[in-house]
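Numbering (my numbering), first residue to last: 30 to 278.
Where is the CB? At the ideal position from N, CA and C, for every residue including glycine.
Source: prediction; values computed, not measured.
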Amino acid sequence: MKFIAIIPARYASTRFPGKPLAMLGGKTVIERVYEQAVGVVGEAYVATDDERILNKVKAFGGQAVMTRSDHQSGTDRIEEAAAKIGTTADVVINVQGDEPFIQRSQIETLCRLFDDPKTQIGTLGKRFETMEAVMNPNSPKIVTDVNGFALYFSRSVIPYVRGKEQATWLAEFPFLKHLGVYAYRREVLREITQLPRSPLERAESLEQLRWLQNGYRIRVGETDVETVGIDTPEDLVRAEAFLADAHLL
Numbered sequence: 030m031k032f033i034a035i036i037p038a039r040y041a042s043t044r045f046p047g048k049p050l051a052m053l054g055g056k057t058v059i060e061r062v063y064e065q066a067v068g069v070v071g072e073a074y075v076a077t078d079d080e081r082i083l084n085k086v087k088a089f090g091g092q093a094v095m096t097r098s099d100h101q102s103g104t105d106r107i108e109e110a111a112a113k114i115g116t117t118a119d120v121v122i123n124v125q126g127d128e129p130f131i132q133r134s135q136i137e138t139l140c141r142l143f144d145d146p147k148t149q150i151g152t153l154g155k156r157f158e159t160m161e162a163v164m165n166p167n168s169p170k171i172v173t174d175v176n177g178f179a180l181y182f183s184r185s186v187i188p189y190v191r192g193k194e195q196a197t198w199l200a201e202f203p204f205l206k207h208l209g210v211y212a213y214r215r216e217v218l219r220e221i222t223q224l225p226r227s228p229l230e231r232a233e234s235l236e237q238l239r240w241l242q243n244g245y246r247i248r249v250g251e252t253d254v255e256t257v258g259i260d261t262p263e264d265l266v267r268a269e270a271f272l273a274d275a276h277l278l
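What follows is the structure, given as structure tokens:
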């Protein structure tokens with residue numbers, strides 16, 4: 030089975046303009062993401078709408094493709110990029126352009142999900158460690174069936190543990206946090222980007238609910254590695270400290 034990683038990277042960002050080109054430990058954020066992805070998959074492209082990002086990727090020896098600036102989601106950008114590249118890959122992996130610490134084990138877990146022919150879309154989940162984290166609406170929760178396919182994603186706390194004090198819920202049920210990395214069979218990626226926004230997606234502001242509501246099956250792989258995304262300049266400062274502490278500079 031052939032895989033390709035496509036990394037959506039926009040220059041415009043409300044909270045952190047130019048984020049992909051920010052320096053992190055002597056390299057740009059986008060270069061670190063690219064290195065992590067290509068090191069596992071073997072083929073990777075950055076999909077961008079900005080020539081500054083395109084030129085930087087080419088300068089460090091990476092592959093990049095220009096895409097439109099009006100896409101509503103990274104998934105749409107990835108579909109345009111995959112079509113432009115003319116990829117023959119069976120599975121397209123969506124690696125977020127602000128995840129410089131995505132780990133080999135996480136990408137490998139995603140890839141293994143497609144050993145099962147019933148897997149149309151793959152994503153990752155990690156067990157929550159505190160109830161405070163479970164309660165955070167910015168950390169979507171996943172519930173799955175016995176075979177690891179997603180039943181629902183929500184910003185609310187799901188499931189509700191009846192008859193127990195909320196402080197003890199984590200001991201009663203293994204709440205699962207959704208990590209926003211995806212992989213799609215090539216033909217499925219093409220199909221889901223043609224779907225209109227669904228009522229559940231609009232309600233929760235979670236794109237993956239559009240796919241679920243239209244009958245697509247999302248397989249969830251578990252990881253014990255936390256992702257460290259960079260959304261703000263403050264996150265970048267913390268990332269620099271993480272690199273220094275881990276002696277990765």
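Mark residue i as exposed unless 16 or more other C-beta atoms lie within 10 angstroms of its C-beta, in which case mark it buried.
i: G126; result: buried
i: T43; result: exposed
i: T159; result: exposed
i: N167; result: exposed
i: G68; result: exposed
i: N25; result: Nothing can be reported for residue 25: it is not among the residues displayed for the chain, which extend from 30 to 278.
i: I35; result: buried
i: E60; result: buried
i: F89; result: exposed
i: V163; result: buried
i: T146; result: In the sequence under discussion, the amino acid at residue 146 is Pro, which differs from the Thr named in the question. That one is exposed.
i: T197; result: exposed
Tell me, please, whether the CB atom of residue i is closer than 7 Å to any CB atom in chain C?
i: T173; result: Absence of chain C from the displayed structure is noted, only one protein chain being present.
Rounding to the nearest angstrom, what Cα-Cα distance links residue i and residue j in this structure?
i: D264; j: K193; result: 36 Å
i: R81; j: E137; result: 30 Å
i: A235; j: I171; result: Before going further, note that residue 235 is Leu rather than Ala in the sequence given. Cα to Cα, L235 sits roughly 12 Å from I171.
i: K48; j: K56; result: 12 Å
i: V186; j: F271; result: 30 Å
i: E201; j: Q132; result: 29 Å
i: E269; j: N243; result: 41 Å
i: V175; j: S134; result: 23 Å
i: D105; j: I33; result: 16 Å
i: L229; j: Y63; result: 33 Å
i: T96; j: L238; result: 25 Å
i: S183; j: V75; result: 29 Å
i: A93; j: P169; result: 30 Å
i: F130; j: T256; result: 7 Å
i: A73; j: A66; result: 7 Å
i: T116; j: Y213; result: 13 Å
i: A41; j: I114; result: 23 Å
i: V58; j: I259; result: 9 Å
i: L278; j: E161; result: Because the pLDDT of L278 is 48, which lies under 50, any placement of that residue in the model is unreliable, and the number read from its coordinates should be weighed accordingly. Going by the C-alpha atoms only, they are around 32 Å apart.
i: E128; j: L53; result: 12 Å
i: A51; j: V254; result: 24 Å
i: A110; j: F45; result: 24 Å
i: D144; j: E233; result: 31 Å
i: T148; j: L142; result: 7 Å
i: R267; j: T261; result: 10 Å
i: Q195; j: T152; result: 28 Å
i: E220; j: V70; result: 23 Å
i: G177; j: D274; result: 35 Å
With DSSP as the reference, identify every bridge partner of residue i, one or two as the case may be.
i: Y211; result: N123 and T152
i: F178; result: R248
i: S168; result: For S168, which the question treats as bridged, DSSP gives no partner whatsoever.
i: T77; result: A38 and M95
i: K56; result: L53
i: T173; result: A179
i: F45; result: Looking at the DSSP assignment, F45 forms no beta bridge with any residue, so it has no partner.
i: T32; result: Note that residue 32 corresponds to Phe in the displayed sequence, not to Thr. Paired residue(s): V120.
i: K296; result: Here the chain comprises residues numbered 30 to 278, so residue 296 is not present and cannot be evaluated.
By Cβ distance below 6 Å, which residues in the same chain neighbour residue i in space, the five residues on each side in sequence not counted?
i: L218; result: E108 and V121
Residue i and residue j look like a contact to me (Cβ under 8 Å); what is the Cβ gap, rounded to whole Å?
i: D119; j: R246; result: That belief does not hold up - the Cβ atoms of D119 and R246 are roughly 16 Å apart, past 8 Å.
i: V86; j: L139; result: The pair is not a contact, with the Cβ atoms about 22 Å apart (cut-off 8 Å).
i: F312; j: L199; result: Because the chain here runs from 30 to 278, residue 312 falls outside it and cannot be looked at.
i: D78; j: S98; result: 4 Å
To which residues of the same chain is residue i closer than 7 Å at the C-beta, ignoring the five residues directly before and after it?
i: G154; result: I171, L205, K206, H207, L208, V249 and E251
i: A179; result: I171, T173, L241, I247 and V249
i: K31; result: T117, A118 and D119
i: P203; result: R156
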